[in-house]
Amino acid sequence: MTTAVSVSLADLNSAVAERSTGRLQAIIIGSSDVKLSGVAALASATRSDLAFLANPLYRADALTSRAGAIVLNAADRDALQSQSAPLTASLTAMAVCEQPYAWFAYAAQILNPEDSVKAGIADGAHVADSARIHPSARVDAGATIAEGAGIGAGAWIGAGAVIGARTVIGDAARIYPRAVVLDDCRIGARCIVHSGAVIGSDGFGFAPLDGRYIKIPQVGAVVIGDDVEVGANTTIDRGAMGDTIIEDGVKLDNQVQIAHNCVIGAHTVIAGCVGIAGSTRIGKGCRIGGAAMIGGHLQIADGSSIGPATPVPSSVTEPGHYTAFFPLMKHREWERAAAVLRNLPELRSRVRQLEAEHKAVELKPGK
Amino acid sequence: MTTAVSVSLADLNSAVAERSTGRLQAIIIGSSDVKLSGVAALASATRSDLAFLANPLYRADALTSRAGAIVLNAADRDALQSQSAPLTASLTAMAVCEQPYAWFAYAAQILNPEDSVKAGIADGAHVADSARIHPSARVDAGATIAEGAGIGAGAWIGAGAVIGARTVIGDAARIYPRAVVLDDCRIGARCIVHSGAVIGSDGFGFAPLDGRYIKIPQVGAVVIGDDVEVGANTTIDRGAMGDTIIEDGVKLDNQVQIAHNCVIGAHTVIAGCVGIAGSTRIGKGCRIGGAAMIGGHLQIADGSSIGPATPVPSSVTEPGHYTAFFPLMKHREWERAAAVLRNLPELRSRVRQLEAEHKAVELKPGK
Amino acid sequence: MTTAVSVSLADLNSAVAERSTGRLQAIIIGSSDVKLSGVAALASATRSDLAFLANPLYRADALTSRAGAIVLNAADRDALQSQSAPLTASLTAMAVCEQPYAWFAYAAQILNPEDSVKAGIADGAHVADSARIHPSARVDAGATIAEGAGIGAGAWIGAGAVIGARTVIGDAARIYPRAVVLDDCRIGARCIVHSGAVIGSDGFGFAPLDGRYIKIPQVGAVVIGDDVEVGANTTIDRGAMGDTIIEDGVKLDNQVQIAHNCVIGAHTVIAGCVGIAGSTRIGKGCRIGGAAMIGGHLQIADGSSIGPATPVPSSVTEPGHYTAFFPLMKHREWERAAAVLRNLPELRSRVRQLEAEHKAVELKPGK
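Protein sequence lines, in the order shown, are assigned to chains A, B and C.
In terms of our numbering, the first sequence opens at residue 143 and continues consecutively.
In terms of our numbering, the second sequence opens at residue 143 and continues consecutively.
In terms of our numbering, the third sequence opens at residue 143 and continues consecutively.
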């Protein structure tokens with residue numbers, strides 16, 4: 143939950159500069175004292191809203207926007223200002239910078255500050271005697287904190303969340319209602335774990351014997367770095383031997399499944415419904431599209447980009463943008479294409495045969 | 143939980159007519175006073191069961207069924223009655239109507255009424271002082287209702303469910319055990335939210351900067367209309383700016399993921415494991431097959447049908463039935479087809495080359 | 143949670159033989175009194191660890207491993223012993239048997255025994271008066287046990303788990319924190335249900351009428367045999383009429399979705415993110431790869447193997463290994479291949495045309 147505040151555009155610019163440690167600073171055009179208290183899309187913004195223009199396709203929306211201020215880059219500003227005066231007049235103020243979307247992100251955080259965590263353990267929370275809860279942390283009703291767990295400064299454990307034995311939750315981490323972090327795991331500072339996520343469930347490890355399966359105890363844990371976000375109902379299994387590792391800054395969307403002993407490199411983003419099988423190492427700075435399915439025991443090179451709905455059955459050693467899904471068709475066309483697809487090897491043979499025969503025919507007249 | 147009742151077929155027919163406000167009324171053939179207390183499949187039904195025949199493939203099952211009554215349409219009745227007397231004699235009664243499956247659905251509801259909700263707040267429920275719980279609503283043990291939330295008349299909040307601050311749950315809605323509806327959301331009347339569903343989790347929104355990702359606060363909410371069903375472990379993210387909207391009568395199966403700012407049109411049904419990326423608008427009356435994956439910022443036309451396991455990377459402007467998945471093959475055949483598929487552009491070039499050469503050869507003899 | 147113990151290799155061998163009722167017994171080479179207290183991968187093992195070699199690819203790791211003991215088969219032992227003496231000297235002991243991975247699985251269980259369940263109902267658990275909890279069972283804080291439920295001997299109900307009315311949990315079953323088993327279901331002995339799993343949610347059953355959907359009450363249940371494992375956030379719907387059935391020894395990974403009235407045959411393993419639509423019967427001893435999607439009302443033959451990310455739209459009557467996914471490509475190559483794929487029927491027509499014309503040309507010279 144956040145509470146809106148009201149800030150002038152000039153003050154907002156200073157605050158963004160501070161929050162980005164000087165990296166982002168905009169040039170203000172127009173009224174720098176316009177008061178902003180929220181963010182909105184260009185088309186729906188009102189006078190108290192900040193909006194952003196990060197895609198030239200939306201320039202027309204910017205020209206008619208009623209936003210109090212728009213953040214955009216120099217090229218878009220030039221394009222807007224080259225339009226006729228009556229249109230640009232509708233813009234109260236512009237904040238011009240190289241990275242308008244990042245500037246907007248910080249500004250939106252400043253305009254929508256998280257409620258400060260009210261320290262304390264609620265009635266109806268179940269906290270083991272040996273758990274160490276920092277005095278500035280908050281534990282809500284129905285949450286369970288098991289033996290030996292540690293909850294960091296300013297951390298929030300939501301209603302009904304479960305923190306396992308000896309698990310450590312970093313400072314300022316936010317564990318949303320009904321998330322579960324099982325025994326012996328570590329969650330870094332400022333992590334956000336959304337509702338329904340399960341961290342530290344057993345990996346899927348069995349040895350076959352005589353048509354049955356014998357469970358292999360999963361004795362590793364899950365170790366999550368700082369500034370990681372874990373989406374709703376996402377699952378991250380504990381390692382079989384050794385740990386499953388999520389490095390700093392990784393962002394996982396909802397319903398992602400990460401199997402035992404995976405390593406997800408720092409600052410990789412993984413969209414919803416992705417599955418990653420066991421012992422796979424995803425590099426740093428990768429982008430994995432929604433519903434991609436990545437096989438086990440693979441290596442994905444740093445900086446790779448995997449498209450949505452794309453199965454990855456083998457390692458990706460060369461960074462690049464990879465895709466693999468069947469193109470969308472009307473059902474009847476699909477049926478026809480699928481029928482030919484089933485016989486592709488035969489079609490290739492027929493082409494080879496034609497090539498061979500053609501060569502023979504071609505030679506004959508020359509003889 | 144439901145409790146079975148016992149009703150004569152005549153009374154059941156009246157009750158279905160009433161529940162469908164006169165839309166569905168069957169003609170009874172045979173014993174209209176047969177007492178029914180449950181529903182069953184044709185093959186396993188006993189004398190106290192109602193069964194249905196909605197697919198001609200199952201006519202043989204109908205002929206040998208021991209059901210107390212069967213609901214079916216006129217064509218199926220004619221087919222059954224043209225069979226020899228000893229066979230049709232096994233049928234005690236038939237209810238004949240145009241929409242036998244819909245008639246059966248209402249009849250099944252009547253034969254298996256939901257237990258009436260016992261009003262009251264259980265010991266062990268955690269309810270904020272400022273929450274407004276209708277006197278006829280029920281809140282089970284371990285559930286949490288946060289500040290300012292409102293629970294409607296006859297609504298049920300199951301064990302361990304979490305209702306966020308200022309969230310409103312409509313009249314007669316049923317929130318199953320351990321479902322989570324986060325802050326500031328609205329759930330319409332008569333909605334059913336199954337266990338493990340998470341409504342109102344943060345959308346997946348980040349601005350990249352220098353190889354890291356800055357979180358964009360998700361300040362919208364989720365607004366769900368009336369008569370919506372949300373499956374187990376389904377996730378619906380709150381909007382980034384503006385709301386995620388699920389219109390009246392939508393049915394979502396289990397493990398569906400709906401990203402921020404989607405709009406799902408009224409009376410659309412979405413089967414299990416479907417993912418829908420951000421800001422996509424699904425039209426009204428669509429049918430989305432299981433595990434379909436729909437990209438972001440798309441429009442799907444009203445009345446569209448998307449097949450199972452089908453990725454949708456672009457908008458569907460023309461209603462119809464769309465499909466896109468690789469046809470199933472024995473692994474070895476798939477390996478061969480996949481190898482040719484990788485070189486399809488080359489195969490096409492070879493065909494073009496043959497066509498060009500063939501033309502040349504053809505011309506030569508004529509010279 | 144498990145607690146490590148320390149055992150000599152000789153004693154471990156005896157214990158494995160006992161646990162496998164004589165099926166597995168290794169021949170010890172080297173120091174049979176080496177004390178082992180854990181398991182580890184070959185590369186990271188130390189003197190107190192047991193490691194395994196089950197794949198000849200890792201023989202080099204075995205030669206340099208610092209493990210206290212390695213379990214392997216005779217062929218691998220021969221290969222290692224044919225290496226030069228200084229290398230084999232690094233191995234303290236070897237346990238040689240035909241099924242080294244199964245031997246390792248039992249040994250790992252022995253070295254990491256589950257904590258014995260401390261009997262009792264925690265303060266903060268919500269147990270209905272009519273529920274029958276075996277005196278040796280344990281119910282953790284925040285768990286809810288509804289009316290008429292039965293919890294078997296030595297069973298564990300984790301924090302915040304919900305057990306529905308009249309549901310029976312078998313002896314020694316482990317229901318992890320926040321799992322939900324709804325009303326009238328049965329979970330067999332020694333089952334493990336991981337966190338966030340939902341068993342017994344309503345199946346997705348509606349009858350269409352005039353553009354709307356009428357809910358069909360789901361009056362069946364879920365019946366799960368003995369020794370079944372259900373992964374985190376997996377969902378298993380109750381039957382519409384009749385039950386959804388999971389037979390003995392089935393292993394389900396995380397985020398699997400099993401729809402109403404499916405039957406999963408004994409000792410079948412299903413990897414993560416798999417979806418199975420309604421009324422499908424999966425045979426015994428099948429292996430279903432991650433993210434496979436299996437249609438409704440199908441039969442999959444005993445012993446079938448379905449590859450990962452493979453949609454199955456029709457029954458599999460002949461056991462074998464089936465696959466169906468688009469091969470991975472660089473995005474630009476995929477775009478080209480997809481374009482040709484869309485026109486495959488036309489390409490085939492052109493090949494047919496060439497064949498016909500070729501025949502005509504061939505015939506001409508012969509005239």
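We treat Cβ as the ideally placed atom computed from N, Cα and C, and that holds for glycine.
Counting only the same chain and skipping the five closest in sequence on each side, list residues whose C-beta sits under 7 Å from that of residue i.
i, result
"Arg429/A", "Val411 and Ser447"
"Arg308/B", "Gly290, Ala291, Asp325 and Asp326"
"Glu465/B", "A small correction: the amino acid at residue 465/B is Thr; Glu does not occupy that position in the sequence shown. Here the set comprises Gly449 and Thr452."
"Glu499/C", "none"
For residue i versus residue j, is the C-beta spacing smaller than 8 Å?
i, j, result
"Ala408/A", "Gly381/A", "no"
"Ala315/A", "Ala297/A", "yes"
"Ile436/C", "Ala451/C", "no"
"Ile387/B", "Val372/B", "no"
"Ala250/B", "Ile358/C", "yes"
"Ser343/C", "Val322/A", "no"
"Ala288/B", "Gly312/B", "no"
"Asn215/B", "Thr377/C", "no"
"Tyr355/B", "Lys393/A", "yes"
"Ala193/C", "Ala209/C", "yes"
"Asp175/C", "Ser148/C", "no"
"His402/A", "Thr422/A", "no"
What does residue i pair with, by DSSP beta-bridge criteria?
i, result
"Trp298/B", "Arg280/B and Arg316/B"
"Val269/A", "Ile287/A"
"Pro453/C", "Met435/C"
"Leu166/B", "Paired residue(s): none; Leu166/B is not in a bridge."
"Glu371/A", "Ile334/A and Lys393/A"
"Phe348/A", "Lys357/A"
"Thr191/B", "As written in the sequence, residue 191/B is Asp, which differs from the Thr given in the question. The partner list for Asp191/B (beta bridge, DSSP) reads Gly180/B."
Short of 6 Å in beta carbon distance, which residues of its chain neighbour residue i, apart from the five on each side in sequence? Order them along the chain.
i, result
"Gly414/A", "Asp395, Asn396, Gln397 and Gly432"
"Thr278/B", "At residue 278/B the sequence reads Ser, which differs from the Thr that was named. The residues are Ala261, Ala295 and Gly296."
"His268/C", "Thr286"
Give a yes or no on whether the minimum CB-CB distance between residue i and chain C is below 8 Å.
i, result
"Gly262/B", "no"
"Glu497/B", "yes"
"Asp395/B", "yes"
"Gln441/A", "no"
"Val181/B", "yes"
"Gly284/A", "yes"
Any beta carbon of chain B sitting closer than 8 Å to that of residue i?
i, result
"Ser491/C", "no"
"Ala216/A", "no"
"Ser272/A", "no"
"Thr422/C", "no"
"His402/C", "no"
"Asp278/A", "As written in the sequence, residue 278/A is Ser, which differs from the Asp given in the question. For Ser278/A, the answer is no, since every Cβ of chain B falls outside 8 Å of its Cβ."
"Ser343/C", "yes"
"Thr386/C", "no"
"Thr377/C", "yes"
"Gln241/A", "yes"
Hey, is residue i's beta-carbon within less than 8 Å of any beta-carbon in chain A?
i, result
"Glu160/C", "no"
"Leu190/B", "Note that residue 190/B is Ser in the sequence shown, not Leu. Judged by the 8 Å Cβ criterion, Ser190/B is not in contact with chain A."
"Leu351/B", "yes"
"Gln251/C", "yes"
"Lys357/B", "yes"
"Gly292/B", "no"
State yes or no: is the C-beta of residue i nearer than 7 Å to some heavy atom of the ligand GDP?
i, result
"Ala301/C", "Looking for the ligand GDP in the displayed structure turns up nothing, as the structure carries no ligands at all."
Using a Cβ-Cβ cutoff of less than 8 Å, which residues in the same chain neighbour residue i once the five nearest sequence positions on both sides are dropped?
i, result
"Tyr200/B", "Leu184"
When Cβ atoms are compared, which residues of the stretch 459-472 of chain C fall closer than 7 Å to chain A?
In summary, the residues of the stretch 459-472 of chain C whose CB is separated from some CB of chain A by less than 7 Å are Phe467, Phe468, Pro469, Leu470, Met471 and Lys472, in the order they occur in the chain.
Of the residues that make up the stretch 315-331 of chain C, which ones have a beta carbon closer than 9 Å to any beta carbon in chain A?
So the close ones are Tyr318, Pro319 and Arg320.
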